[in-house]
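Numbering-wise (my numbering), the sequence shown opens with residue 474 and increments by one. Beneath this line is the structure, given in structure tokens, with notes to follow.
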Amino acid sequence: MTLPTGDRVKLITRFEDARNILLDRENIYSRARLCEPGAPWFSTLRPPPGMLTTTDPPENMRLRRLVAGYFGGKRIKIMTPRMQAVTDGLLDAMEARTPPVDLVRALSLPVPIAMICQLLGVPPDGEELVHDWCNSLITITADEPDELIAHQMKMAAYTLELAELKRKEPGDDLLANLVQAMDEGKLDSGELVMLIMFLAIAGHETTVSMINGAVLTLLDNPEHLEIFRTDESVADAYVEELLRVNPIGDGGPLAIVTEDVEVSGTVIKAGEAVLVPVGAANRDSRRYEDPAAFKPERENRDHLAFGLGAHSCLGAPLARAELKIVLGSLFRRFPKLALACDRDDLRLQPTLSLHTLQSLPVTW
Numbered sequence: 474m475t476l477p478t479g480d481r482v483k484l485i486t487r488f489e490d491a492r493n494i495l496l497d498r499e500n501i502y503s504r505a506r507l508c509e510p511g512a513p514w515f516s517t518l519r520p521p522p523g524m525l526t527t528t529d530p531p532e533n534m535r536l537r538r539l540v541a542g543y544f545g546g547k548r549i550k551i552m553t554p555r556m557q558a559v560t561d562g563l564l565d566a567m568e569a570r571t572p573p574v575d576l577v578r579a580l581s582l583p584v585p586i587a588m589i590c591q592l593l594g595v596p597p598d599g600e601e602l603v604h605d606w607c608n609s610l611i612t613i614t615a616d617e618p619d620e621l622i623a624h625q626m627k628m629a630a631y632t633l634e635l636a637e638l639k640r641k642e643p644g645d646d647l648l649a650n651l652v653q654a655m656d657e658g659k660l661d662s663g664e665l666v667m668l669i670m671f672l673a674i675a676g677h678e679t680t681v682s683m684i685n686g687a688v689l690t691l692l693d694n695p696e697h698l699e700i701f702r703t704d705e706s707v708a709d710a711y712v713e714e715l716l717r718v719n720p721i722g723d724g725g726p727l728a729i730v731t732e733d734v735e736v737s738g739t740v741i742k743a744g745e746a747v748l749v750p751v752g753a754a755n756r757d758s759r760r761y762e763d764p765a766a767f768k769p770e771r772e773n774r775d776h777l778a779f780g781l782g783a784h785s786c787l788g789a790p791l792a793r794a795e796l797k798i799v800l801g802s803l804f805r806r807f808p809k810l811a812l813a814c815d816r817d818d819l820r821l822q823p824t825l826s827l828h829t830l831q832s833l834p835v836t837w
């Protein structure tokens, strides 16, 4: 296929092929080489080196170890009461308004941005800034390269300013921990900035997309919605199936093949690029019966929504927790929630790589 930049890549859509490439047990698929001149990419803004998505093992693992503890089950358990309180407060405000209400602005955006900023150590007054910068950094076609670089530099400067504050007043957040690691020589300032920028983007933009898609899926399946709303024991199964059927975007992991490799009978030459759209793999009829249908009762609920292997999503526990709390609280508070527009009137942000709705009008 051809990317918006004109670059050509091989598209890998079968579940097993995608799974093997994501696992990459033999380190054949390089993310670091995406930073080399002339390498294919989605947009005119080249990927910076030193990010989790543009490093290969063992460098990738060194960076992951510095942040992994902040996305584990113990940390998420500590954050859960705050997550519920933020959600309840937003629902209170929503209930006080006269519908229709844009659910994107009222709920599905504020919860993830509040949670990732709390985890990273960004103060509440920085949440809107971080969201605006992140939104610009995942654009495909909207801005000129100079504009994108300017946004990147502003976010980097803000991160370094916060880092200096953390050095003077340490806390129990990820940025404070990374500042300490930097002072101990475990990473440099550029790596710190890249980690914070990447985690800010991945930690909320993807979840916003998933919450919106999950709401639509449940509204489209009222019989399942009623079960989900009234039986909290099914939450885990429902969330996994929602993750499977709702791709967060049209793309997926991109990598450069470092040696000739055969994938389902096709030889991909060293130096060629492969793109793995997990949304396609998650709907592979070879893997799932009736793959496009939302069936939370299905036995085979495994999926690739969070990737696998060295580049698997660090924020998976946080995303799962947010989905359970936001969706469960929303539909219990508003059992008659419904779209306030025709389904065909919904529009995605046309310039972004993620399935980000411009708005999601709802009534109750």
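Built from N, CA and C at the ideal position, the CB exists for glycine as well. These numbers were taken from a predicted model, which means no experiment stands behind them.
**Prompt:** Between residue 501 and residue 657, which are expected to be in contact by the criterion C-beta below 8 angstroms, what is the C-beta distance as a whole number of angstroms?
**Reply:** Contact doesn't hold; Cβ gap of about 34 angstroms is too wide.
**Message:** Pull the bridge partners of residue 834 from the DSSP assignment, please.
**Reply:** Listed as beta-bridge partners of residue 834 by DSSP are 575.
**Request:** Can you grab the Cα-Cα spacing for the pair residue 491 / residue 720, in whole Å?
**Result:** For residue 491 and residue 720, the distance between alpha carbons rounds to 14 angstroms.
**Item:** Endpoints, beta strand (DSSP E) assigned at residue 735
**Value:** Per DSSP, residue 735 belongs to the beta strand (DSSP E) from 734-736.
**Asked** Roughly how many angstroms lie between the CA atoms of residue 808 and residue 801, to the nearest whole one?
**Response** Spanning the alpha carbons of residue 808 and residue 801 requires a straight line of approximately 10 angstroms.
**Message:** Can you tell me which residues form a DSSP beta bridge with residue 730?
**Reply:** DSSP, once it has assigned bridges, lists 502 as partnering residue 730.
**Asked** Going by C-alpha distance, which of 697, 672, 708 is nearest residue 604?
**Response** Among 697, 672, 708, the Cα nearest to that of residue 604 is on 672.
**Request:** Look up residue 749 in the DSSP assignment and say whether it is helix, strand or coil.
**Result:** The answer is coil: DSSP assigns residue 749 none of H, G, I, E or B.
**Where the beta strand (DSSP E) through residue 741 begins and ends** = Looking at the DSSP string, the run of the beta strand (DSSP E) that includes residue 741 is 739-741.
**Where the alpha helix (DSSP H) containing residue 706 begins and where it ends** = That residue, residue 706, is in no alpha helix (DSSP H); it is neither H nor E in DSSP.
**Asked** For residue 630, does the three-state DSSP call read helix, strand or coil?
**Response** In the structure shown, residue 630 sits in a helix (DSSP, three-state: H, G or I).
**Request:** Assuming residue 482 contacts residue 513 (C-beta within less than 8 angstroms), just tell me the rounded distance between them.
**Result:** The C-beta separation of residue 482 from residue 513 comes to about 6 angstroms, placing the pair in contact by the 8 angstroms criterion.
**Message:** Check this for me: beta carbons of residue 574 and residue 835, under 8 angstroms apart or not?
**Reply:** For residue 574 and residue 835, yes; Cβs fall inside 8 angstroms.
**Asked** Since residue 641 sits in a beta bridge, which residues does DSSP pair it with?
**Response** BP columns for residue 641 are empty, so no partner.
**Asked** Which residues mark the beginning and the end of the alpha helix (DSSP H) in which residue 805 is found?
**Response** Under the DSSP assignment, residue 805 falls in the alpha helix (DSSP H) whose first and last residues are 789-806.
**Asked** Going by beta carbon distance, what residues of the same chain come within less than 6 angstroms of residue 760, once the five residues before and after it are set aside?
**Response** 488.
**Item:** Residue environment, residue 474, which counts as buried when at least 16 other CB atoms sit within 10 Å
**Value:** Here residue 474 is exposed, its C-beta having fewer than 16 other C-beta atoms within 10 Å.
**Asked** Which residues in the same chain have their Cβ closer than 8 angstroms to the Cβ of residue 555, if we skip the five residues on either side of it in sequence?
**Response** Excluding sequence neighbours, residue 555 sits near 588, 591.
**Asked** Are the beta-carbon atoms of residue 485 and residue 748 separated by less than 8 angstroms?
**Response** Cβ distance < 8 angstroms, so residue 485 and residue 748 count as in contact.
**Item:** Nearest-angstrom beta carbon gap, residue 806 and residue 580 [assumed within contact, 8 angstroms]
**Value:** That pair is no contact at about 10 angstroms.
**Request:** Drop a sphere of 10 angstroms on the beta-carbon of residue 683, count the other beta-carbons inside from all chains shown, and report buried for 16 or more, exposed for fewer.
**Result:** So residue 683 ends up on the buried side.
**Message:** Please report the distance separating the alpha-carbon of residue 758 from that of residue 837.
**Reply:** The straight-line gap from Cα to Cα measures roughly 36 angstroms.
**Prompt:** Could you give the uninterrupted runs of the beta strand (DSSP E) lying entirely in the stretch 544-603, keeping only those of 3 residues or more?
**Reply:** Those beta strand (DSSP E) runs which fall completely within the stretch 544-603 and span 3+ residues do not exist here.
**Prompt:** residue 672 lies in the alpha helix (DSSP H); which residues open and close that run?
**Reply:** It spans 662-675 - the alpha helix (DSSP H) in which residue 672 sits, taken as one unbroken run.
**Prompt:** Below 8 angstroms between beta carbons: does that hold for residue 714 and residue 771?
**Reply:** Taking 8 angstroms as the Cβ cut-off, residue 714 and residue 771 qualify as a contacting pair.
**Request:** Tell me, to the nearest whole angstrom, how far the beta carbon of residue 515 is from that of residue 791; I am working on the premise that it is less than 8 angstroms.
**Result:** In fact, because the Cβ distance is near 25 angstroms, the residues do not count as touching under 8 angstroms.
**Request:** Please state whether DSSP places residue 722 in a helix, a strand or coil.
**Result:** Correct three-state label for residue 722: strand.
**Request:** Out of 636, 529, 606, point me to the one whose CA is closest to residue 625's CA.
**Result:** Ranked by Cα distance from residue 625, the options 636, 529, 606 are led by 606.
**Request:** Pick out whichever of 504, 542, 518 has its Cα sitting closest to the Cα of residue 533.
**Result:** The shortest C-alpha separation from residue 533 is found at 504.
**Request:** Could you give the DSSP three-state label for residue 481: helix, strand or coil?
**Result:** It is a strand residue.
**Prompt:** If we call anything under 8 angstroms between Cβ atoms a contact, is residue 542 one with residue 676?
**Reply:** In this structure, residue 676 does not lie closer than 8 angstroms to residue 542 by Cβ.
**Straight-line gap, residue 686 to residue 640 (C-alpha atoms, nearest Å)** = It is roughly 40 angstroms from the alpha-carbon of residue 686 to the alpha-carbon of residue 640.
**Prompt:** Applying the criterion that 16 or more other CB atoms from any shown protein chain within 10 Å of the CB defines a buried residue, is residue 703 buried or exposed?
**Reply:** With fewer than 16 Cβ atoms within 10 Å of its Cβ, residue 703 is classed as exposed.
**Request:** Check whether the Cβ atoms of residue 712 and residue 796 lie closer than 8 angstroms to each other.
**Result:** The answer is yes: Cβ separation under 8 angstroms.
**Item:** Same chain, Cβ closer than 7 angstroms to residue 822, five either side skipped, listed in chain order
**Value:** Closer than 7 angstroms at Cβ, skipping near neighbours: 829, 831.
**Prompt:** Of the residues 630, 753, 724, 517, which one's Cα is nearest the Cα of residue 666?
**Reply:** When the alpha-carbon of residue 666 is set against those of 630, 753, 724, 517, the nearest one is in 630.
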